[in-house]
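Comments concern the structure below.
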Ligand SMILES: C[S@@+](CC[C@H](N)C(=O)[O-])C[C@H]1O[C@@H](n2cnc3c(N)ncnc32)[C@H](O)[C@@H]1O
């Protein structure tokens, strides 16, 4: 069981508490949100990530939703399935790393300008520790974007994301970032009409 100060312990319970390596051993080359929602996320990334940035895509898979025609200096991916990550055309390098086992990221301090987590925050059982680790691998003033929607693997999502209404789930993610020392934590709604919602929480690493 996890402990995060200020968050009830039972919010982190999961129906499937077996090691994540088991669930993610099978590659899933699928989209987890509607195409219109993916397009809205890609458009947001166009604004959020400067060209030539060093980008970290956490909880990554075969797709990073980055704009096709923008060149970044470097894109690193971290996730649970090697086959998915190896298929992702945007990644310059990748690693398999279980953030619930070890929230410390395997990168040096100040390596990245932007860090992204797309439609996966609900699977983290030690989220504030992961956010602190993200803050340390970002350069001062670097930014993080947590993109959320309303779908999940129900056995693997923590109880909070199954029981709380959307407004409180967004507030919880803002709390994760604030508790990890991020500044300018902000919620942005980019949900397209008639498709899965797109709720974004962004923050800035302390300078
Ligand atoms: C719903 S998929 C989203 C994948 C991708 N970000 C996207 O937008 O399509 C959830 C992702 O979270 C990753 N993940 C789940 N548990 C994880 C853990 N404990 N540590 C690191 N990554 C994890 C999985 O590898 C998977 O790629």
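Residue numbers (my numbering): 129 to 335.
Using N, Cα and C, we set each Cβ at its ideal position, and we do this for glycine too.
Here the structure is a predicted model, which means the values were calculated and not measured.
- It is roughly 20 Å from the alpha-carbon of residue 237 to the alpha-carbon of residue 229.
- Each of 142, 332, 151, 145 was checked against the Cα of residue 243, and the nearest Cα belongs to 332.
- Residue 300 is not a Cβ neighbour of residue 316, given a cutoff of 7 Å.
- The shortest CA-to-CA distance from residue 268 to any of 286, 241, 284, 247 is the one to 241.
- Under the three-state reduction of DSSP, residue 329 is assigned to strand.
- 7 Å or more divides the Cβ of residue 181 from the Cβ of residue 323.
- By the C-beta density criterion, residue 282 is exposed, having fewer than 16 other C-beta atoms within 10 angstroms.
- Assignment of residue 267 by DSSP, reduced to helix, strand and coil, places it in the strand class.
- A distance below 7 Å separates the beta carbons of residue 222 and residue 205.
- Taken through DSSP and simplified to helix, strand or coil, residue 281 comes out as coil.
- 7 Å or more divides the Cβ of residue 258 from the Cβ of residue 266.
- Residue 335 counts as exposed, since fewer than 16 other C-beta atoms from the protein chains shown sit within 10 angstroms of its C-beta.
- Contact between residue 173 and residue 194 holds: CB atoms are separated by about 6 Å, below the 8 Å threshold.
- The beta-carbon separation of residue 214 and residue 256, rounded to 30 Å, does not stay under the 8 Å limit for a contact.
- Under DSSP, residue 276 takes part in a beta bridge, and its partners are 327.
- For residue 177, the shortest C-beta to heavy atom distance toward ligand 1 is 6 Å or greater.
- Residue 261 is not a Cβ neighbour of residue 219, given a cutoff of 7 Å.
- Beyond the five residues adjoining it in sequence on each side, residue 162 comes within less than 7 Å, by CB distance, of 323, 324 in the same chain, given in chain order.
- The C-beta separation of residue 273 from residue 330 comes to about 5 Å, placing the pair in contact by the 8 Å criterion.
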